[in-house]
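Protein sequence lines, in the order shown, are assigned to chains A and B.
Residue numbers for the first sequence follow my numbering, so the first one is 0 and each next one is one higher.
Residue numbers for the second sequence follow my numbering, so the first one is 0 and each next one is one higher.
We put the beta carbon where it would ideally sit given N, CA and C, even for glycine.
Predicted model only: the values in this text are computed from it and were never measured.
The next block holds one structure in the form of structure tokens; read it before the comments.
Number of protein chains: 2
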Amino acid sequence: MNDVIKLLNAHRSVRAFKKIPVSQATVETIVQCGQAAATSSFIQAYSVIQVAQGPKRERLAALANEQTFINDAPVFLVVCADMQRHKMACEKHNVDMLSGYAEQFMTATIDASLLAQNMAVAAESIGLGICYIGAVRNEIDAVSELLELPDLVTPLFGLCIGYPNTKPDLKPRLPVSAVLKQEVYADPDAQQLLDDYDEQTSIYYQTRSGGQKVQSWSEQIAAKLKQESRPHIMNFLKKKGFLLK
Amino acid sequence: MNDVIKLLNAHRSVRAFKKIPVSQATVETIVQCGQAAATSSFIQAYSVIQVAQGPKRERLAALANEQTFINDAPVFLVVCADMQRHKMACEKHNVDMLSGYAEQFMTATIDASLLAQNMAVAAESIGLGICYIGAVRNEIDAVSELLELPDLVTPLFGLCIGYPNTKPDLKPRLPVSAVLKQEVYADPDAQQLLDDYDEQTSIYYQTRSGGQKVQSWSEQIAAKLKQESRPHIMNFLKKKGFLLK
């Protein structure tokens with residue numbers, strides 16, 4: 000196992016940070032590493048908005064499920080899927096951009112996520128900890144307004160970065176054999192793999208919580224998915240010019 | 000600059016591979032590194048389908064814009080956004096899963112992309128080269144049928160992995176200052192940054208092609224976006240149970 004593989008496997012979401020600043024040069028290096036990731040047909044359909052500590056950050060933290068640790072992160076970035084830059088490129092050449100395709104939303108979301116994961120790896124390689132904040136989608140309209148996002152730009156998630164003041168346990172992931180399939184999707188062992196994983200996750204939570212939270216993975220998932228999943232997102236994305244066709 | 004940052008910056012898409020096999024243990028390590036990435040509320044909404052060299056791979060390569068180098072890659076993986084496993088989890092607990100939300104498609108696409116980029120980094124850390132294949136979305140219905148994908152599973156992209164037999168040039172990315180914004184989206188320098196980058200990309204292509212391809216970045220983008228972008232994707236995703244609400 001080489002050092003990079005060790006680093007990838009040491010990832011945990013960090014939600015408590017030391018009061019040590021992160022230099023702007025480091026932030027730029029991290030973003031530049033993000034940009035080194037592959038990009039679909041070179042479209043680079045992303046932007047990253049850095050929000051300093053202060054009233055705007057506090058408002059964002061409040062909108063993101065009131066996760067106050069967001070205020071403590073020396074660096075907070077909002078990663079966006081961005082096709083606005085492409086509109087500008089089309090206008091430069093008097094071309095009517097055909098937009099609104101599900102394909103474009105998919106490509107931009109993938110591009111931005113590859114960028115973000117490279118950013119996460121780069122940050123962790125220099126001893127920083129990170130936490131993705133999907134909850135910026137809780138009140139996505141308000142977040143978009145706060146960051147003054149134009150059409151064809153949507154927040155995907157936030158990213159907290161700072162020196163970790165905590166080292167959470169590693170949660171056991173699905174077995175590789177459940178995720179990696181051969182030739183076709185179907186797998187006769189799928190149910191057994193799920194049951195085994197449920198047992199593993201129950202034991203993990205039992206050990207960690209002293210018996211308080213003993214939900215298996217599938218129980219957690221079922222509890223989550225019997226509820227609506229941010230039902231406002233479709234409308235927001237359409238308003239921004241995505242997912243129209 | 001540490002070794003990880005050097006590695007991230009050395010990424011190029013590799014489309015020619017040595018005839019050296021990659022062991023299945025290595026493939027499993029790569030997928031396991033993918034799974035070490037962050038996952039939204041622990042949903043792990045992805046599957047990876049490995050397709051061996053042979054008739055099925057050849058059919059996939061033909062469907063993916065006839066990119067024959069796909070046949071030469073020792074390893075070919077199709078990365079999928081997958082909520083089918085979650086349906087199974089809900090059924091285990093007699094819960095009616097509420098699905099079809101744009102939010103769920105977004106989450107699964109992000110999850111799978113974070114996994115994929117960790118896989119790419121892990122592969123490159125052991126001397127392998129990779130290439131993302133977005134063209135599996137060209138004939139996404141046929142690809143889905145070939146891999147026997149059920150509802151709530153969609154291919155996102157392929158990933159070729161093997162020992163590189165080539166070292167392509169690094170294409171200049173957008174300047175960090177164009178991607179990283181402060182506090183709000185708007186940036187008075189945006190047009191100037193685009194113009195400078197266009198000049199840089201024109202010079203890059205001119206140098207590399209001996210003067211044949213001198214399109215700037217914005218010209219490439221405008222040429223691409225005056226055409227439709229895989230207009231069949233929306234219908235496919237809806238058929239699979241995504242993007243319904």
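query: Does B:Q31 have its Cβ less than 8 Å from a Cβ in chain A?
result: Working through the second sequence from its first residue, we reach residue 31 of chain B at position 32. For B:Q31, the answer is yes, since a Cβ of chain A falls inside 8 Å of its Cβ.
field: Under 8 Å from the C-beta of A:P230: neighbouring residues of chain B
entry: If you number the first sequence from 1, residue 230 of chain A lands on position 231. Under the 8 Å cutoff, chain B gives Y100, E102 and K244.
- prompt: Which full runs of the beta strand (DSSP E) of 3+ residues lie inside the segment 105-170 of chain A, going along the chain?
  reply: 128-132 and 152-161
query: Should A:P20 be flagged as near chain B, meaning a C-beta pair shorter than 8 Å?
result: For the purposes of this step, residue 20 of chain A is taken as residue 21 along the first sequence, with counting starting at 1. It does not: the Cβ of A:P20 has no partner Cβ on chain B nearer than 8 Å.
field: Sub-8 Å separation of A:G99 and A:I132 beta-carbons
entry: As a first step, residue 99 of chain A must be located in the first sequence, where it is residue number 100. As a first step, residue 132 of chain A must be located in the first sequence, where it is residue number 133. No.
task: Between the Cα of A:S124 and those of A:V152, A:C32 and A:E218, spot the shortest distance and give me the residue it belongs to.
output: Here residue 124 of chain A is taken as the residue at index 125 of the first sequence, counted from 1. The shortest C-alpha separation from A:S124 is found at A:C32.
DSSP three-state assignment for A:Y204, whether helix, strand or coil: Position 205 of the first sequence, counted from the start, is the residue given in the question as residue 204 of chain A. DSSP places A:Y204 in helix when its eight states are reduced to three.
- prompt: Does DSSP put A:F16 in a helix, a strand or coil?
  reply: Translated into the one-based positions of the first sequence, residue 16 of chain A becomes position 17. DSSP places A:F16 in strand when its eight states are reduced to three.
message: Does any residue of chain A have a CB that is nearer than 8 Å to the CB of B:E147?
response: Reading the second sequence from its first residue, position 148 is the one you call residue 147 of chain B. Taking Cβ atoms only, chain A reaches closer than 8 Å to B:E147, which makes this a yes.
query: Where A:L59 and B:R136 are concerned, what is the direct C-alpha to C-alpha distance, given to the nearest angstrom?
result: Residue numbering aside, residue 59 of chain A sits at position 60 when the first sequence is read from its first letter. Residue numbering aside, residue 136 of chain B sits at position 137 when the second sequence is read from its first letter. The alpha-carbon atoms of A:L59 and B:R136 are separated by roughly 35 Å.
query: Per DSSP, what kind of secondary structure is A:F241 in: helix, strand or coil?
result: Within the first sequence, residue 241 of chain A is the residue found at index 242, counting from 1. Coil, per DSSP.
- request: Tell me, please, whether the CB atom of B:G133 is closer than 8 Å to any CB atom in chain A?
  value: As a working note, residue 133 of chain B is residue 134 in the second sequence. Yes, B:G133 lies at the interface with chain A (some Cβ there is under 8 Å from its Cβ).
- prompt: Is there at least one Cβ from chain A nearer than 8 Å to B:Y45's Cβ?
  reply: Residue mapping note: residue 45 of chain B aligns to position 46 of the second sequence, counting from 1. Chain A, which has a Cβ nearer than 8 Å to the Cβ of B:Y45, makes this yes.
query: Using 8 Å as the threshold, is the segment 137-146 of chain A in touch with the segment 230-240 of chain A, meaning 3 or more CB pairs across them?
result: yes
query: Which stretch, first to last residue, makes up the alpha helix (DSSP H) that contains B:V178?
result: The residue given as residue 178 of chain B occupies position 179 in the second sequence. Unbroken alpha helix (DSSP H) run through B:V178: V175 to V178.
task: Counting only runs of 3+ residues fully inside the segment 56-91 of chain A, write out the beta strand (DSSP E) ranges in chain order.
output: 74-81
field: Pair within 8 Å by beta-carbon distance, A:G128 and A:V21
entry: Walking along the first sequence from the start, residue 128 of chain A turns up at place 129. Walking along the first sequence from the start, residue 21 of chain A turns up at place 22. Cβ distance not < 8 Å, so A:G128 and A:V21 don't count as in contact.
message: Three Cβ pairs or more, each shorter than 8 Å: is that satisfied between the segment 42-51 of chain B and the segment 105-112 of chain B?
response: yes
message: Under 8 Å, with one C-beta from each stretch per pair, do the segment 150-164 of chain A and the segment 69-79 of chain A reach the 3-pair mark?
response: yes
task: Give, in chain order, every unbroken run of the alpha helix (DSSP H) that is at least 4 residues long and sits entirely within the segment 2-46 of chain B.
output: 2-8 and 23-34
- request: Starting from the Cα of A:A24, find the closest Cα among B:Q205, B:L192, B:M87 and B:V175 and give me that residue.
  value: Looking up residue 24 of chain A in the first sequence gives position 25. Of the listed residues, the one whose Cα sits closest to A:A24 is B:V175.
task: Could you tell me whether any Cβ in chain A is nearer than 8 Å to the Cβ of B:Q181?
output: Along the second sequence, read from residue 1 onward, the residue named residue 181 of chain B stands at position 182. True, the Cβ-Cβ gap to chain A drops below 8 Å.
field: DSSP beta-bridge partners of B:I48
entry: Counting from one through the second sequence, the residue named residue 48 of chain B turns up at place 49. Per DSSP, A:K180 and B:V77.
message: Using 8 Å for Cβ pairs, my map puts A:N117 next to A:A9. What's the rounded Cβ distance?
response: Here residue 117 of chain A refers to the residue found at position 118 of the first sequence. Here residue 9 of chain A refers to the residue found at position 10 of the first sequence. 16 Å between Cβ atoms; not a contact.
message: Determine, for B:F68, whether the minimum Cβ-Cβ distance to residues of chain A falls below 8 Å.
response: Taking the second sequence and counting its residues from 1, the one referred to as residue 68 of chain B is at position 69. Taking Cβ atoms only, chain A never reaches closer than 8 Å to B:F68, which makes this a no.
task: Answer with yes or no whether the minimum CB distance from B:N8 to chain A is below 8 Å.
output: Along the second sequence, one-based indexing puts residue 8 of chain B at 9. At least one chain A Cβ lies under 8 Å of B:N8.
task: Provide the residue span of the alpha helix (DSSP H) that contains B:S217, from first to last.
output: Counted from its first residue, the second sequence places residue 217 of chain B at position 218. Note, B:S217: alpha helix (DSSP H), W216 to L224.
Cα-Cα separation, B:Q191 to A:K91: Taking the second sequence and counting its residues from 1, one reaches residue 191 of chain B at position 192. Taking the first sequence and counting its residues from 1, one reaches residue 91 of chain A at position 92. The alpha-carbon atoms of B:Q191 and A:K91 are separated by roughly 12 Å.
- prompt: B:Q276 CB to nearest chain A CB: under 8 Å?
  reply: This structure cannot settle anything about residue 276 of chain B, because the visible part of chain B is limited to 0 through 244.
field: Euclidean distance between Cα positions of A:D71 and A:R56
entry: Counting from 1 along the first sequence, the entry for residue 71 of chain A is found at position 72. Counting from 1 along the first sequence, the entry for residue 56 of chain A is found at position 57. Going by the C-alpha atoms only, they are around 10 Å apart.
query: Roughly how far, in whole angstroms, is the beta-carbon of A:P171 from the beta-carbon of A:T200, given that I think they are within contact range, below 8 Å?
result: As a working mapping, residue 171 of chain A is identified with position 172 in the first sequence. As a working mapping, residue 200 of chain A is identified with position 201 in the first sequence. Sure, about 6 Å apart at Cβ, within 8 Å.
message: Restricting to Cα atoms, I'd like to know which of B:K238, B:Q226 and B:S217 is closest to A:Q83.
response: Your numbering for residue 83 of chain A matches position 84 in the first sequence. Of the candidates B:K238, B:Q226 and B:S217, the one whose C-alpha sits nearest the C-alpha of A:Q83 is B:S217.
query: Does the beta carbon of B:T25 sit closer than 8 Å to a beta carbon anywhere in chain A?
result: Your numbering for residue 25 of chain B matches position 26 in the second sequence. By this cut-off, B:T25 is not an interface position.
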